[in-house]
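Student: The structure under discussion is supplied below as structure tokens; questions concerning it will follow.
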Ligand SMILES: *Cc1c(COP(=O)(O)O)cnc(C)c1O
Ligand code: SF4
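In our numbering, the protein residues as written are 2 to 428.
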């Protein structure tokens, strides 16, 4: 039986098809502003020409070769930390140079050559540059603020932060491959590199052993992939010996800032542990490059699932179309958007804060407008470590006593739904 046969179960009369086509047109109309500009939003894929030019220039400035570019150790040794080198890589005025130096006396900065190659050398508003090149705004912000994590009350054992019943964080290091200007842990980064040694780690592991309700452990920092493969292997092995640990998570920004770190050796090690999840931080579609894609491919082949936690940043990604492009690019490289964090009012990062309304607007323009898989949760972190709290546009309008639920759809229709009447199903 053919689908054009009226007795076929999937048969649709032509006039109904016409209605469906009109509806589809209306849906497309709802995203027309995005369709108009989506191809003009820079990504790590569509900017390859400039990125390759930058890479060649940076290699020349740093005296490296193509082989070294693929070696994350080289990127570490050649991390850009002084204005003399930075000024050969991007355009800086004398005033900017002085300001960077001044800010550097208070907050350290460091940029991996790889991440530097994603910067537009001429554009002061480049979303990559804003994330890693210091500005005087950080230095000028003198408003002190109390410890945002209230660590004195949330660290029951060395290196541990615990805010929840069933999961906790191990802070393994305070080092990163770049020091993000907007870092929500700017204070922890301080000025001295630390990788916490095994005996401190043992005390943390002992606490986890003694807490049978903990099923999920996050290793973070700083950046968990700062740890050597061997040290990480040891921690993961120790965790696996604890019967109540069900999953292990790594927090690392390096998938975005130094994807070369995801070596075959690291992946071989990770493939021996299970289940391992990794959460990274891509903030702008310019960070989604072929190198980042390769790193994610290798992780997935090793059984590691990758999620993304962005920070909502003024002038970088507080725009519904940029954020939509970001989540689309993430899914293309098989990274699942997980969270968008509200930026906190902390000293030195306040100028990055976008209003909560921007975050809600972004969420409003994702749900329904694009794949459900692409939609992260917008999170505000409650003060004093009281926990991550989701903020979302309101869809539920009312529930009344007769069991009627009033809600609106993503597209703006208001619907009433007859839910079960309380007591009706009793017994
Ligand atoms: C963010 C965080 C977690 C993990 O939270 P999820 O919502 O499960 O991703 C766990 N412990 C601490 C202390 C955290 O800050
Ligand atoms: S990688 Fe993460 S912890 Fe490190 S500076 Fe950036 S935001 Fe902070």
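Idealized CB from N, CA, C, for every residue including glycine.
These figures come from a predicted structure and were not determined experimentally.
1. Here's a check: name, in chain order, each residue in its chain whose Cβ is nearer than 6 Å to the Cβ of residue 205, leaving out the five neighbours to either side.
2. Following the continuous beta strand (DSSP E) through residue 310, name the residue where it begins and the one where it ends.
3. Taking contact to mean 3 or more Cβ pairs, one atom from each stretch, closer than 8 Å, check whether the stretch 173-193 and the stretch 251-270 are in contact.
4. Hey, which unbroken runs of the alpha helix (DSSP H) at 4 residues or more fall wholly within the stretch 254-285?
5. For residue 377, which residues from the same chain have a beta carbon less than 6 Å from its beta carbon, with the 5 sequence-adjacent residues on both sides left out?
6. Which residue spans inside the stretch 73-145 form an unbroken alpha helix (DSSP H) run of at least 4?
7. For residue 26, count neighbouring C-beta atoms within 10 Å of its own C-beta (all shown protein chains included) and say buried if the count is 16 or more, exposed if not.
8. Compute the minimum distance between the beta carbon of residue 250 and the heavy atoms of ligand 2, and state whether it is under 7 Å.
9. Let's test the definition: count the other Cβ atoms within 10 Å of the Cβ of residue 307 and tell me whether it reaches 16, buried, or not, exposed.
10. In the structure shown, what three-state DSSP assignment does residue 215 receive?
11. Pop quiz: residue 80 and residue 113 are said to be a contact at Cβ under 8 Å. What is the actual Cβ separation, rounded to whole angstroms?
12. What residue range does the alpha helix (DSSP H) around residue 401 cover?
13. With a cut-off of 8 Å on the beta carbons, I'd call residue 253 and residue 272 a contact; round off their distance for me.
14. With DSSP collapsed to three states, give me the class of residue 163.
15. Closest by CA to residue 168, which one among 219, 141, 134, 207?
16. Would you grab the beta carbon distance between residue 286 and residue 44 for me? Rounded to a whole angstrom, and I think it's under 8 Å.
17. Candidates 212, 5, 359, 118: which alpha carbon is nearest residue 55's?
18. Quick test of your reading: residue 372 and residue 327, contact by CB under 8 Å. State the CB separation rounded to the nearest angstrom.
19. Nearest to residue 1 by CA position, among 60, 53, 17, 243, is which residue?
20. Is there contact here, the stretch 307-320 with the stretch 274-284, by at least three beta-carbon pairs under 8 Å?
21. Is there at least one non-hydrogen atom of ligand 1 closer than 7 Å to the beta-carbon of residue 256?
22. What is the C-beta distance between residue 141 and residue 347, in whole angstroms, given that I count them as a contact (C-beta under 8 Å)?
23. Any heavy atom of ligand 1 closer than 7 Å to the Cβ of residue 165?
24. Output the distance between the C-alpha atoms of residue 211 and residue 228, rounded to the nearest integer angstrom.
25. Is it the case that the Cβ atoms of residue 129 and residue 104 are separated by a distance below 8 Å?
26. Span of the alpha helix (DSSP H) holding residue 21?
27. If you scan the stretch 168-229 from start to end, which runs of the alpha helix (DSSP H) of 4 or more residues do you find wholly inside it?
Tutor: On the basis of the supplied data:
1. In chain order, 158, 159, 160, 161, 171 place their CB closer than 6 Å to the CB of residue 205, counting only its own chain and leaving out the 5 sequence neighbours on each side.
2. Going by DSSP, residue 310 is part of the beta strand (DSSP E) stretching over 306-312.
3. These segments touch.
4. Those alpha helix (DSSP H) runs which fall completely within the stretch 254-285 and span 4+ residues are 255-258, 265-272.
5. So the qualifying residues of the chain are 338, 339, 340, 341.
6. As far as the stretch 73-145 is concerned, its whole alpha helix (DSSP H) runs of at least 4 residues are 73-78, 84-90, 95-105, 114-117, 128-133, 137-141.
7. The residue is exposed, with fewer than 16 neighbouring Cβ atoms inside 10 Å.
8. With a cut-off of 7 Å, the C-beta of residue 250 is classified as distant from ligand 2, since no heavy atom of the ligand falls inside that distance.
9. Buried is the call here.
10. Coil.
11. That belief holds up - the Cβ atoms of residue 80 and residue 113 are roughly 6 Å apart, short of 8 Å.
12. Taken as a continuous stretch (DSSP letters only), residue 401 belongs to no alpha helix (DSSP H), as it is neither H nor E.
13. Wrong, their Cβ atoms sit about 17 Å apart, outside the cutoff.
14. Coil at residue 163, not helix or strand.
15. Among 219, 141, 134, 207, the Cα nearest to that of residue 168 is on 219.
16. For residue 286 against residue 44, the beta-carbon gap comes to about 4 Å, under 8 Å, which counts as contact.
17. For residue 55, the nearest C-alpha among the options comes from 118.
18. Contact between residue 372 and residue 327 fails: their C-beta atoms lie close to 13 Å from each other, not under 8 Å.
19. Shown here, the chain extends from 2 to 428; a query on residue 1 therefore has no answer.
20. Per the Cβ contact rule, the stretch 307-320 is in contact with the stretch 274-284 (3 or more Cβ pairs under 8 Å).
21. With a cut-off of 7 Å, the C-beta of residue 256 is classified as distant from ligand 1, since no heavy atom of the ligand falls inside that distance.
22. Between residue 347 and residue 141 the Cβ distance is about 14 Å, and since that is not below 8 Å, they are no contact.
23. The answer is yes for residue 165.
24. Rounded to whole angstroms, the separation of the alpha carbons of residue 228 and residue 211 is 25 Å.
25. Here residue 129 is not near residue 104, since their CB atoms are 8 Å or more apart.
26. For residue 21, the enclosing alpha helix (DSSP H) has its first and last residue at 15-31.
27. Complete alpha helix (DSSP H) runs here, min 4: 187-190, 199-210.
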